[in-house]
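In this note's numbering, the protein residues as written are 289 to 630.
Here's the structure we're looking at; comments come further down.
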């Protein structure tokens with residue numbers, strides 16, 4: 289490992305932490321690697337992929353991405369094939385956790401050149417979960433770069449999403465596009481990570497963004513609303529919150545769907561369920577997409593058909609969800625290459 293990396297690693301925890309110029313460079317590199325997938329940028333390098341939660345696209349794309357660049361990925365699942373980890377200082381470790389993040393991150397840093405972390409909220413107390421302490425614990429103690437593979441944000445998905453939009457519109461400049469981030473029904477209250485990230489990157493790219501949700505209770509955490517407002521000032525575009533389906537969809541160039549639970553009920557979901565159940569009609573369907581300006585549809589996947597979006601929408605040539613998922617491979621390779629190139 290390079291001494292520069294071990295002394296002062298640069299992490300990829302959120303796109304908001306990186307300059308727009310650096311994000312653009314990563315996206316351009318990802319576009320190039322999509323046409324030239326095999327390389328040696330990670331030759332002799334390795335990455336530990338630490339999964340506290342299940343994965344299909346993330347694990348597959350990171351493992352294959354490291355392989356295609358000549359590197360090696362080690363997959364670890366704490367509590368399954370690795371020891372359970374404690375993250376709080378001062379804890380008397382007489383319960384399930386066998387070792388502390390202070391040792392875990394520093395030991396892994398002796399072995400590998402990067403660490404990827406996937407850790408969802410516990411869904412008990414948002415004031416605790418919003419601190420993202422698992423990811424921040426790795427970043428605090430690791431002496432190699434740490435990559436967010438989805439916690440309370442999903443920055444790799446953001447880049448894959450933007451790359452798919454750039455490909456669809458044939459331009460890296462997405463300014464002037466009307467972008468609708470719409471809440472959709474799900475039988476369970478879900479993480480806000482992808483919604484937080486979609487709001488962040490869409491405003492970062494200067495689009496005219498509408499956050500469509502059933503009631504004010506479904507508005508996103510103020511941290512991400514504040515990021516979006518700051519992005520509008522820096523990059524242009526606009527930000528609006530709407531609860532009206534027809535006006536939000538009208539003239540849209542992009543519709544991005546995601547389900548999430550209302551934060552005021554976080555950890556106490558029983559009172560939220562009847563509210564959520566009243567808005568099943570927020571599902572993306574042909575009638576709503578007909579209101580758009582021949583708009584493109586996407587979703588991070590996995591997606592429950594005919595709950596979040598209809599079969600007709602998913603099977604339409606205007607749906608780029610699979611293309612976006614495929615781009616995960618390329619943008620993650622570009623992120624890894626950028627981090628080891630420091």
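Ideal placement from N, C-alpha and C gives every residue a C-beta, glycine not left out.
If you draw a straight line from the alpha carbon of residue i to that of residue j, how long is it in whole angstroms?
i, j, result
"residue 402", "residue 450", "24 Å"
"residue 291", "residue 432", "Bear in mind that the predicted position of residue 291 carries a pLDDT of just 39, short of 50, making it unreliable; the figure below should be weighed with that in mind. Distance between the alpha carbons of residue 291 and residue 432: 10 Å."
"residue 318", "residue 618", "5 Å"
"residue 471", "residue 544", "9 Å"
"residue 495", "residue 525", "5 Å"
"residue 582", "residue 532", "19 Å"
"residue 434", "residue 333", "14 Å"
"residue 429", "residue 366", "17 Å"
"residue 520", "residue 312", "17 Å"
"residue 606", "residue 573", "12 Å"
"residue 340", "residue 585", "30 Å"
"residue 578", "residue 394", "53 Å"
"residue 310", "residue 447", "12 Å"
"residue 528", "residue 398", "47 Å"
"residue 636", "residue 305", "Since the displayed the chain opens at 289 and closes at 630, residue 636 lies outside it and no answer follows."
"residue 412", "residue 556", "8 Å"
"residue 628", "residue 576", "44 Å"
"residue 417", "residue 569", "29 Å"
"residue 436", "residue 462", "25 Å"
"residue 385", "residue 477", "27 Å"
"residue 364", "residue 374", "16 Å"
"residue 328", "residue 626", "13 Å"
"residue 352", "residue 535", "42 Å"
"residue 597", "residue 609", "11 Å"
"residue 564", "residue 320", "42 Å"
"residue 554", "residue 408", "14 Å"
"residue 330", "residue 396", "17 Å"
"residue 487", "residue 512", "7 Å"
"residue 381", "residue 616", "37 Å"
"residue 508", "residue 479", "11 Å"
Grab the span of the beta strand (DSSP E) containing residue i for me, first residue to last.
i, result
"residue 436", "434 to 436"
For the alpha helix (DSSP H) that contains residue i, what are its first and last residues?
i, result
"residue 486", "481 to 492"
"residue 402", "That residue, residue 402, is in no alpha helix (DSSP H); its beta strand (DSSP E) goes 402 to 406."
"residue 563", "561 to 565"
"residue 243", "In the structure as shown, the chain starts at 289 and stops at 630, and residue 243 therefore has no counterpart that could be examined."
"residue 515", "510 to 523"
"residue 399", "389 to 399"
"residue 456", "443 to 457"
"residue 620", "609 to 628"
"residue 576", "574 to 577"
"residue 311", "308 to 323"
"residue 599", "599 to 602"
Pull up the DSSP beta-bridge partners for residue i, would you.
i, result
"residue 529", "499"
"residue 366", "370"
"residue 468", "498 and 543"
"residue 334", "360"
"residue 586", "544"
"residue 474", "According to DSSP, residue 474 bridges with nothing at all."
"residue 300", "435"
"residue 339", "406"
"residue 593", "597"
Buried or exposed: residue i, going by 16 or more other Cβ atoms within 10 Å of its Cβ?
i, result
"residue 355", "exposed"
"residue 349", "buried"
"residue 485", "buried"
"residue 419", "exposed"
"residue 361", "buried"
"residue 345", "buried"
"residue 592", "exposed"
"residue 540", "buried"
"residue 558", "exposed"
"residue 406", "buried"
"residue 594", "exposed"
"residue 624", "buried"
"residue 459", "exposed"
"residue 307", "exposed"
"residue 492", "buried"
"residue 379", "exposed"
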